[in-house]
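*Asks:*
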Amino acid sequence: MVVEGALAAAWAYGKATYSYNQKRFEFDTTQGQNSAHMMQNLRMAQWNLFREDVRDLFTLTSNHMGAYMLVTTIFLGFVVRLLLVGIPQMPREPPILVLCFGNCFMSGLSFGILSIWLSAHGAIASQSASVQMLTQAVRPPIPTADEVAGVGFDLSEYEGLGPTKFFQLPAFFTQAEPKLNAVLIEGVAQASERGGVPLMSDVGGTSSFRNTLTDHRAAVTQERVSQMLTESGGPGQSAAFKSHVRLFMQLQSAYASYDAYARVSLDVCCVNFLMALCYFCVGYAAHSKNLATTGVVPGWAGPFCFACNCLVSVAALVSSIFGLELFTSNT
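Going by numbering that gives the first Met the number 0, the residue at position 73 of the sequence shown is 72; the numbering climbs one at a time, nothing skipped.
1. If you draw a straight line from the C-alpha of GLU51 to the C-alpha of VAL244, how long is it?
2. For THR28 and chain C, any beta-carbon pair shorter than 8 angstroms?
3. Along the chain, where does the alpha helix (DSSP H) that runs through PRO94 open and close?
4. Where does ALA253 sit, in a helix, a strand or coil, going by DSSP?
5. With a cut-off of 8 angstroms on the beta carbons, I'd call TYR254 and ALA128 a contact; round off their distance for me.
6. In angstroms, rounded to a whole number, what distance separates the CA positions of LEU117 and SER242?
7. Could you tell me how far apart the beta carbons of PHE74 and GLY111 are, in whole angstroms, since I believe they sit closer than 8 angstroms?
8. Using DSSP with H/G/I as helix, E/B as strand and the rest coil, what is GLY4?
9. Kindly indicate which three-state DSSP category MET89 falls into: helix, strand or coil?
10. On the CB-based measure, 16 or more other CB atoms within 10 Å of its CB, does THR71 come out buried or exposed?
11. Since I believe VAL150 is in contact with ALA35 (beta carbons under 8 angstroms), could you give me their beta-carbon distance rounded to a whole number of angstroms?
12. Under a three-way DSSP split, which group does ARG138 fall into?
13. Given that a residue counts as buried once 16 or more other Cβ atoms are within 10 Å of its Cβ, and exposed if not, what is ASP258?
14. Please classify ASN62 as buried or exposed, where buried requires at least 16 neighbouring CB atoms within 10 angstroms.
15. I need the straight-line Cα distance from LEU98 to MET64, nearest angstrom please.
16. Assign PHE49 to buried or exposed, taking buried as 16 or more other Cβ atoms, counted over all protein chains shown, within 10 Å of its Cβ.
17. Taking the straight line between their C-alpha atoms, what separation do you get for GLN131 and THR29?
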């Protein structure tokens with residue numbers, strides 16, 4: 000009876016511990032698999048945000064180019080209107096006034112066409128650089144078949160652990176292992192204080208921390224997380240963190256000049272159009288002496304408009320040129 004009781008107790012103990020450790024293995028592997036899938040999804044989501052950042056940065060330039068073309072087209076319409084209506088009424092004396100009017104008129108027309116051409120070319124160059132960057136550099140780190148299969152587990156892995164794992168007692172009274180999440184959160188906090196991304200040194204390094212882990216699956220999980228936290232690994236293995244902004248600033252040099260010159264050409268077109276309009280007002284006021292005596296067109300109207308236009312045009316041109324920040328940081 001004693002032997003039978005001992006055998007029954009041993010059988011019950013073995014069955015209970017085997018079933019417990021099997022469920023423990025299933026729980027750990029399920030948690031590890033869910034963690035790996037979540038990291039893959041976070042990598043995809045964050046790199047999709049990077050792609051949205053790139054689109055927003057390039058769309059900013061495209062919108063500016065469209066605004067330049069719209070405003071320049073409006074001013075060209077004014078220039079053509081002045082050509083059809085103003086030139087027939089423009090007095091032919093004195094000749095210097097006609098010469099200045101013609102120079103400003105042709106300059107405004109030429110710079111207006113140049114601004115439209117630069118805006119169109121800059122928009123095309125910006126769109127080409129955006130497509131090049133999105134298709135070649137900022138690609139989402141889609142998990143490969145090996146990565147997807149690598150986070151899977153087979154029951155044969157548990158069966159190959161051996162009797163020591165089959166009949167292992169629950170860790171009720173043993174020293175608890177260091178929690179991986181607490182260590183990683185501390186590393187992220189330290190990196191956030193420095194204003195950068197967490198490094199492997201912040202979490203104690205892969206090899207040093209792996210020595211404190213008794214379960215080999217925990218070591219694999221920690222290795223995966225440590226790779227994600229490196230400068231070249233987070234949030235994905237394809238590029239360094241925030242490299243899309245630096246790459247955008249490098250590609251911006253290919254089309255930023257079109258933006259700047261289109262804006263300056265638009266300002267010059269506006270200035271020359273207003274100058275031509277002022278010359279027309281001066282000539283028309285000087286030619287209509289009979290109207291000036293009656294008070295319909297004051298004699299000071301032309302010079303006053305000319306002086307005000309010069310001040311406003313110079314101020315607008317200077318502020319526009321010195322405001323060419325090109326949407327990048329000066330630091």
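Using N, Cα and C, we set each Cβ at its ideal position, and we do this for glycine too.
Note that the structure is predicted; figures quoted are calculated from it, not measured.
*Replies:* This is what the structure holds:
1. Looking up residue 51 in the sequence shown gives position 52. Looking up residue 244 in the sequence shown gives position 245. In this structure, the CA atom of GLU51 is about 12 angstroms from the CA atom of VAL244.
2. Annotation note: the requested chain C is absent from the structure, which comprises a single protein chain.
3. Indexing the sequence shown from 1 puts residue 94 at position 95. It spans 94 to 135 - the alpha helix (DSSP H) in which PRO94 sits, taken as one unbroken run.
4. By 1-based counting over the sequence shown, the position of residue 253 is 254. Under the three-state reduction of DSSP, ALA253 is assigned to coil, being neither helix nor strand.
5. Here residue 254 corresponds to residue number 255 of the sequence shown, with the count starting at 1. Here residue 128 corresponds to residue number 129 of the sequence shown, with the count starting at 1. That belief holds up - the Cβ atoms of TYR254 and ALA128 are roughly 6 angstroms apart, short of 8 angstroms.
6. Indexing the sequence shown from 1 puts residue 117 at position 118. Indexing the sequence shown from 1 puts residue 242 at position 243. Whole-angstrom Cα-Cα distance: 29 angstroms.
7. In the sequence shown, counting from the first residue as 1, residue 74 sits at position 75. In the sequence shown, counting from the first residue as 1, residue 111 sits at position 112. Yes, PHE74 and GLY111 are in contact; Cβ-Cβ is about 6 angstroms, under 8 angstroms.
8. Within the sequence shown, numbered from 1, the residue matching residue 4 stands at position 5. Here DSSP, grouped into helix, strand and coil, assigns GLY4 to helix.
9. Residue numbering aside, residue 89 sits at position 90 when the sequence shown is read from its first letter. MET89: coil per DSSP, three-state reduction.
10. To locate residue 71, count along the sequence shown from 1; it is residue 72. Around the beta-carbon of THR71, 16 or more other beta-carbon atoms lie within 10 Å, marking it buried.
11. In the sequence shown, the residue the question calls residue 35 occupies position 36. In the sequence shown, the residue the question calls residue 150 occupies position 151. At roughly 4 angstroms, the Cβ-Cβ gap stays under 8 angstroms, so ALA35 and VAL150 are in contact.
12. Residue numbering aside, residue 138 sits at position 139 when the sequence shown is read from its first letter. Assigned with DSSP and collapsed to three states, ARG138 falls in coil, not helix or strand.
13. Stepping through the sequence shown from its first residue, residue 258 is reached at position 259. Only buried fits ASP258, as 16 or more other CB atoms lie within 10 angstroms of its CB.
14. As a first step, residue 62 must be located in the sequence shown, where it is residue number 63. Under this definition ASN62 is an exposed residue.
15. What you label residue 98 is simply residue 99 of the sequence shown in a count that begins at 1. What you label residue 64 is simply residue 65 of the sequence shown in a count that begins at 1. One C-alpha to the other measures close to 33 angstroms.
16. Locating residue 49 in the sequence shown gives position 50, where the first residue counts as 1. Buried: at least 16 other Cβ atoms inside 10 Å.
17. Working through the sequence shown from its first residue, we reach residue 131 at position 132. Working through the sequence shown from its first residue, we reach residue 29 at position 30. Going from the Cα of GLN131 to the Cα of THR29 covers about 40 angstroms.
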